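J.: Oh and the sequence shown: position 20 is 19 in numbering that gives the first Met the number 0, straight run, nothing missing.
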Amino acid sequence: MIYKNENGLFLKQTITLKSRNPEDSGKVTRFFNYVLYKDQVLELKDFIDLKNFHEVQNNNRDRFIISAYEDSRYRYLFKNHPASSPNILIQEK
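1) Compare the beta carbon distance of residue 55 and residue 42 with 8 Å and say whether it is the shorter of the two.
2) Taking C-beta to C-beta, are residue 89 and residue 75 nearer than 8 Å?
3) Tell me the residue span of the beta strand (DSSP E) that contains residue 4.
4) Only counting runs of 3 or more residues, tell me where the beta strand (DSSP E) segments fall wholly within the stretch 42–80, in order along the chain.
5) Where does residue 49 land, buried or exposed, given buried means 16+ other C-beta within 10 angstroms?
6) Let's test the definition: count the other Cβ atoms within 10 Å of the Cβ of residue 58 and tell me whether it reaches 16, buried, or not, exposed.
7) Tell me where the beta strand (DSSP E) around residue 29 begins and ends.
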């Protein structure tokens, strides 16, 4: 789920790309590190508690939210919507 390198922490997600050209469509793995928190775009490494980070049941009614995660302080919602950036929304618990 979480990938770490010298540039920071990233949430690893497999998403489906849809295109009019079938060769450009399909599942791809991407790494996301920008989050939206209180109308500010920040980096995931500034929030995440790796010891308590885990996937939880997604009860969100937004059809673009495909997965949800939590740690000791925050809830992370992964939004699979190409036009929106960043793809990770953070809410306080």
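Virtual Cβ for every residue (Gly too), placed ideally from N, Cα, C. Predicted, not measured: the structure shown is a model, and the values here were computed from it.
T.: This is what the structure gives:
1) What you label residue 55 is simply residue 56 of the sequence shown in a count that begins at 1. What you label residue 42 is simply residue 43 of the sequence shown in a count that begins at 1. No.
2) Here residue 89 refers to the residue found at position 90 when the sequence shown is read from its first residue. Here residue 75 refers to the residue found at position 76 when the sequence shown is read from its first residue. In contact: residue 89 and residue 75 (Cβ atoms closer than 8 Å).
3) Here residue 4 refers to the residue found at position 5 when the sequence shown is read from its first residue. Residue 4 -> beta strand (DSSP E) spans 1–4.
4) 53–55, 64–69, 73–78
5) As a working mapping, residue 49 is identified with position 50 in the sequence shown. Answer is exposed; the Cβ neighbour count stays below 16.
6) For this step, residue 58 is matched to residue 59 along the sequence shown. Residue 58 should be labelled exposed.
7) For the purposes of this step, residue 29 is taken as the residue at position 30 of the sequence shown. Its beta strand (DSSP E) spans residues 25–31.
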